[in-house]
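Student: In this text, residue positions in the sequence shown follow the working numbering: the first is 121, and each later residue adds one. For each residue, glycine too, the CB sits at the ideal point set by N, CA and C. Structure provided below as structure tokens; questions to follow.
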Amino acid sequence: MANLFFYKLIISMISNGIKFSPTYTKGSTRTHNIIRTQLSEQLYSEVMDLFASQACTEAKNNPKAGEYISKDQLREIFVKILPEPLNFKIQTSTKRDIQNNLGASMCTISDEQGIDGYRLILPLKDNQLYIEDIPELLHEAGHLLDYALNPQYTANLISIGNKDFYKKLGEIYEKFYYTITDYSLFRIKRVTKALLKNMSCEDKLNALKNIKLRLMTESNAYLTENHYWQELKKHRKGMKKAPPLSPLDFRFREKIRLINSMRYKIVAKERKN
Ligand SMILES: [Zn+2]
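What follows is the structure, given as structure tokens:
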């Protein structure tokens, strides 16, 4: 299929620093999941070690000792655990979204090079990461690892990022997919079909793939965040941070299944013609 060919072509043009080498990117979703899980575990354990060592070495009369690490220290840890270098910046989030998730991970785009790196937006206070925000750190790091392990994310963005419908697609995704509001699948499908109307077959498939990839990485990220919230809770008496939402709250699986079925129908119809 043309779609598959174009993705391969686009992926071959994405530079190092945006994606890992084929040693890591080749293989199935399952292989990617194993690698992401290992890297997340390394990140968590390095960060926890640093918090622990600061709690021991800092002045006893500092009540905040062991509660914060700096953005620079966090960056050093990232650089250490990444199997290959990535272009990324760590920034402070300024707003709270409806899901109460303070962070975000996104591609940065330059005019000459297209996608030239990533921004990891974290709930830092005075450039410091608070210990109870570690699960959120793991959530956002999970996105970064997904993008680097599976270049389909950036290839998809390159193929539709400058299309007229891209903004509307994002709005529909935010309102009907990345939400815990209980919209019926029927309604979600209707809204999505209205967006796809009059698009080329190629655009339809890419738009649906965009939604699917976003749902997949969010589902992974919420699973990871929940796992590390549980881990942190075991080590921290009197933890104040409330548990994160679960992937089930968002019905990610059902929505992914819906997208798959819409994609299959388009492909089947195309083959008939
Ligand atoms: Zn997320």
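(1) Taking only runs of the alpha helix (DSSP H) that begin and end inside the segment 354-381, which ones reach a length of at least 4 residues, in chain order?
(2) Among all residues, which have a Cβ less than 6 angstroms from at least one non-hydrogen atom of ligand 1, and in what chain order do they fall?
(3) So, for L378: in the same chain, excluding its five sequence neighbours on each side, which residues have a beta-carbon less than 7 angstroms away from its beta-carbon?
(4) Whole-angstrom Cβ separation of F285 and L315, contact assumed at under 8 angstroms?
(5) What's the C-alpha gap between V199 and T301?
(6) Report the CB separation of L163 from L264 in whole angstroms; it is logged as a contact under 8 angstroms.
(7) Counting Cβ pairs, one atom from each stretch, are 3 or more of them under 8 angstroms apart for the segment 224-243 and the segment 262-282?
(8) What is the rounded straight-line gap between the Cα of I189 and the Cα of L159?
(9) CB-CB under 7 angstroms to S366, same chain, minus the five flanking residues each way: which ones, in chain order?
(10) Using the beta-carbon count (16 or more within 10 Å), is Y384 buried or exposed?
(11) Short of 6 angstroms in beta carbon distance, which residues of its chain neighbour L194, apart from the five on each side in sequence? Order them along the chain.
(12) How long is the line joining the alpha carbons of N393 and K191, rounded to whole angstroms?
(13) Under the three-state reduction of DSSP, which class applies to G262: helix, strand or coil?
Tutor: Taking the coordinates as given:
(1) 367-370
(2) H259, H263, E338 and A341
(3) L305, I308 and K309
(4) 7 angstroms
(5) 38 angstroms
(6) In fact, because the Cβ distance is near 10 angstroms, the residues do not count as touching under 8 angstroms.
(7) yes
(8) 20 angstroms
(9) Y342 and N346
(10) By the 10 Å Cβ count, Y384 comes out exposed.
(11) L249
(12) 55 angstroms
(13) If DSSP states are grouped into helix, strand and coil, G262 belongs with the helices.
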